[in-house]
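When the letters of the sequence shown are read in order and numbered with the numbering used here, they come out as residues 29 to 415.
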Amino acid sequence: MTPPLVSLLKQDNYDYAAIRRAVEELLAPLGGMGAFVKTGDNVLLKPNLVMSQKPDGVALTHPAVVGAVAELALDCGGKVRLGDSPGLGSARKVAESYGLAAVADRLGVEIVQFTPVDDFDESRTYKRLTLARELLEADVVINLPKLKTHAQMFMTMAVKNLFGAVVGAQKFQWHYRAGSNKQAFAKTLYEVYAAVKPALHVVDAVVAMDGNGPTSGKPNPTNFLAAGTDGCAVDAVLLDCLGLERDSLPVLLAAREAGDIAWEKVETVGASPAELRPARWDQPESVTIEMIAPRLSQKYPFLTKWLRSQFTAVPYAIPGKCVMCGACVRLCPAQAMTLVESVKIDKSKCIRCYCCHELCPHDAMGLRQGFLGRMLGMFKSGAGSRQ
Ligand code: SF4
Ligand code: SF4
29 MTPPLVSLLK
39 QDNYDYAAIR
49 RAVEELLAPL
59 GGMGAFVKTG
69 DNVLLKPNLV
79 MSQKPDGVAL
89 THPAVVGAVA
99 ELALDCGGKV
109 RLGDSPGLGS
119 ARKVAESYGL
129 AAVADRLGVE
139 IVQFTPVDDF
149 DESRTYKRLT
159 LARELLEADV
169 VINLPKLKTH
179 AQMFMTMAVK
189 NLFGAVVGAQ
199 KFQWHYRAGS
209 NKQAFAKTLY
219 EVYAAVKPAL
229 HVVDAVVAMD
239 GNGPTSGKPN
249 PTNFLAAGTD
259 GCAVDAVLLD
269 CLGLERDSLP
279 VLLAAREAGD
289 IAWEKVETVG
299 ASPAELRPAR
309 WDQPESVTIE
319 MIAPRLSQKY
329 PFLTKWLRSQ
339 FTAVPYAIPG
349 KCVMCGACVR
359 LCPAQAMTLV
369 ESVKIDKSKC
379 IRCYCCHELC
389 PHDAMGLRQG
399 FLGRMLGMFK
409 SGAGSRQ
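Printed below as a string of structure tokens:
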């Protein structure tokens, strides 16, 4: 079997014309956009539109990257639309918040809000998924993730970005079903990815987000773009670029468990992962022992259980920043939050999904590290982070 190929290209700015040329060059080793889009194809672009941000924010796929991919697909004769199912607000509103809507309108690319359809597959662990009709019915899906840390799932890249296929409040129910079992949730993420089957993934890693991603982290200019046809292979190569262990990513472990191991033999073309390694990469404060030392935790599960309890971060509303809008209380899938005079979290009910941290529109939900993490102070400068 031919190993999957991931194309990597250095790119240090979001100048629209430069990004357009870069995406064309990035896709050339994969056969160019023409290898994926034919005249008359219904093409659906899936950027990361998790929630509204300011135009200079780095949580969402940059408009220049989305626009460049859209233009190339239009040039191939595709009928191009873009969409997502944001955690808060509509896809259109989120796209308007940071300048993507202006680019889409100029290109005549419709912004669609996903609508749910039941997708039943006997062979899956979770046989019934409620997924976006627009993604399932498109001839070609092009996934456009942003390279970011993720408080719950360590990183969000190609595979995790497809969780936007789960429409609206259903997302939170899946969090609750998986509970605090990260690997169970990773299995769901992998199965959603496998159900959507994107033809192509183009990753915006020109300015990534590290620290407390996926919405409250810091910009990290990683200065590259990545593309490939196998989402797991793309994720594996992105971890290589950052100097992180592949086994630290729960969705790759879920892929392996499902028998999908092609990504282990991935080959790269263009820039090498080593030359793209950023000067630093800070993990989220919620990082767990499984993410820091995956081999140790696989070898000593009992030790891991104890360490996990000492490391796991709990969310808290930051006094002075929280405006008590109640959004987190309404979204909490475990109903662990109350709002009377302030936001209170019942730790015994909290499943550490960090939806409240991800979706607070005021960036007012902090993460407090577990005792051991605080004592060792390791997340910012030691084993938990790459400097
Ligand atoms: S969503 Fe944010 S601002 Fe609103 S109540 Fe929760 S922590 Fe406070
Ligand atoms: S309090 Fe936050 S982290 Fe805990 S279950 Fe609710 S949304 Fe998830």
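Glycine included, each C-beta is placed from N, C-alpha and C at the ideal position.
query	result
Assumed close pair Ala-359, Cys-383 - CB separation to whole angstroms, cut-off 8 Å	Just to set this straight, residue 359 is Leu in the shown sequence, not Ala. About 5 Å; that satisfies the 8 Å criterion.
Distance, Asp-258 Cα to Gly-348 Cα	44 Å
Residues near Ile-145 in its chain [Cβ-Cβ closer than 6 Å; skip 5 each side]	As written in the sequence, residue 145 is Val, which differs from the Ile given in the question. Only Arg-161 meet the Cβ criterion.
CA-to-CA distance, Asp-43 to Val-194, given in whole angstroms	32 Å
As assigned by DSSP and simplified to three states, the class of Phe-407	Note that Phe-407 scores 46 on pLDDT, short of 50, meaning its location in the model is unreliable; the coordinates nonetheless yield the value given after this. Note: Phe-407 maps to helix in three-state DSSP.
Same chain, Cβ closer than 7 Å to Glu-295, neighbours up to 5 away in sequence not counted	Pro-31, Leu-33
DSSP state of Gly-62 mapped onto helix, strand, coil	helix
Cut-off 7 Å between Cβ atoms - residues of its own chain near Val-137, not counting five sequence neighbours on either side	Ala-98, Val-108, Arg-109, Leu-110
Cβ-heavy atom distance, Gly-354 to ligand 1, below 7 Å	yes
Distance CB(His-203)-CB(Cys-388) smaller than 8 Å	no
Distance, Glu-219 Cα to Phe-191 Cα	10 Å
Strand pairing of Ile-346, partner residues [DSSP]	Partner(s): none; Ile-346 has no beta bridge.
Contacts around Thr-153, its chain only, beta-carbon distance under 7 Å, and the 5 residues preceding and following it disregarded	Lys-215, Glu-219
Anticipated Cβ contact below 8 Å, Ser-244 with His-385, distance rounded	7 Å
DSSP state of Ser-35 mapped onto helix, strand, coil	strand
Local Cβ density within 10 Å of Pro-226, reported as buried at 16 or more and exposed below that	buried
Proximal residues to Lys-174 (C-beta, below 6 Å), its chain only, five neighbours per side dropped	Asn-76, Thr-89, Asp-232
Alpha-carbon to alpha-carbon, Leu-367 and Thr-353	For the sequence presented, residue 353 should be read as Cys rather than Thr. In a straight line, the C-alpha of Cys-353 is about 9 Å away from that of Leu-367.
Closer than 7 Å: Ala-197 CB and nearest ligand 1 heavy atom	no
DSSP state of Gln-141 mapped onto helix, strand, coil	strand
Reduced DSSP category for Ile-379 - H, G, I as helix; E, B as strand; rest coil	coil
Cβ-heavy atom distance, His-178 to ligand 1, below 7 Å	no
For Glu-165, three-class secondary structure by DSSP	helix
Presumed contact (8 Å Cβ cut-off) between Phe-64 and Val-168, rounded CB distance	6 Å
Contact test: Leu-367 Cβ vs ligand 1 heavy atom, cutoff 7 Å	yes
7 Å Cβ shell around Pro-83 - same chain, five flanking residues per side excluded	Tyr-126, Gly-127
Per-residue DSSP class, three states only, for Asp-263	helix
Same chain, Cβ closer than 7 Å to Ala-50, five either side skipped, listed in chain order	Leu-37, Gln-39, Leu-253
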